[in-house]
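Engineer:
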Amino acid sequence: MPGAVYKATIKHAGDEFFIGTSPSGHAVAIDTKGDRRAAPTPVEMLLMSVAACTAADVISILQKKRQDVEEYSVEVTGERAENHPRKFLSFHVHHIVRGRGVSEKALADALKLSDEKYCSVAATVRPTATITTSYEIVETE
6 MPGAVYKATI
16 KHAGDEFFIG
26 TSPSGHAVAI
36 DTKGDRRAAP
46 TPVEMLLMSV
56 AACTAADVIS
66 ILQKKRQDVE
76 EYSVEVTGER
86 AENHPRKFLS
96 FHVHHIVRGR
106 GVSEKALADA
116 LKLSDEKYCS
126 VAATVRPTAT
136 ITTSYEIVET
146 E
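Just so you know, we're using the numbering used here here: the sequence shown kicks off at 6 and counts up by one.
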């Protein structure tokens, strides 16, 4: 059975800039001129997508588990091959949860569910890249 079809559009805006329009109609600038750094590159967007996909899952699960999360962030690093097409070989996703009495088991369960069941971006890159995960819980007052 075929799945849902998504359509995005990329338009050249000149001088190695592109405007991407997502399936939901949101526009984002994309910069492919390496040293300018005026907008994310396609590779940077993939790196952020890996983190954002799992972050959305994890925070949702923690909220459903009624964890007192005051601040949540995800740091992602990716290692790329040296030779073209310089694909990602691995990603490391580090979750930082700040809150009161956040259960380590609740977080570990949320990470596992995201990793094994929900995160479609991770599932898409996993056939060619290894994904490792770590976390820290910072107790607040």
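Using N, Cα and C, we set each Cβ at its ideal position, and we do this for glycine too.
For H97, collect the residues of the same chain with a Cβ closer than 6 Å to its Cβ; drop the 5 residues on either side in sequence, then sort them by chain order.
Structural biologist: Against the sequence shown, residue 97 aligns to sequence position 92. T82, T137, listed in sequence order.
Engineer: Excluding five sequence neighbours on each side, which residues of the same chain lie with their C-beta closer than 8 Å to the C-beta of S54?
Structural biologist: Looking up residue 54 in the sequence shown gives position 49. V126.
Engineer: Would Q68 be called buried (16 or more neighbouring beta carbons within 10 Å of its own) or exposed?
Structural biologist: The residue given as residue 68 occupies position 63 in the sequence shown. With a threshold of 16 other beta carbon atoms within 10 Å, Q68 falls short and is exposed.
Engineer: Considering just the uninterrupted stretch of the alpha helix (DSSP H) at D114, what are its terminal residues?
Structural biologist: Numbered from its first residue, the sequence shown carries residue 114 at position 109. 109 to 118 is the span of the alpha helix (DSSP H), which, as asked, contains D114.
Engineer: Three or more beta-carbon pairs under 8 Å between the stretch 99 to 107 and the stretch 71 to 81, yes or no?
Structural biologist: yes
Engineer: If you run the structure through DSSP and keep just helix, strand and coil, what is T59?
Structural biologist: In the sequence shown, counting from the first residue as 1, residue 59 sits at position 54. T59: helix per DSSP, three-state reduction.
Engineer: Distance, Cα to Cα, L51 vs A61?
Structural biologist: The residue you call residue 51 lines up with position 46 of the sequence shown. The residue you call residue 61 lines up with position 56 of the sequence shown. If you take the alpha carbons of L51 and A61, they lie about 15 Å apart.
Engineer: I'd like the span of the beta strand (DSSP E) that includes T138, first residue to last.
Structural biologist: Taking the first residue of the sequence shown as 1, we reach residue 138 at position 133. Start and end: 135 to 144.
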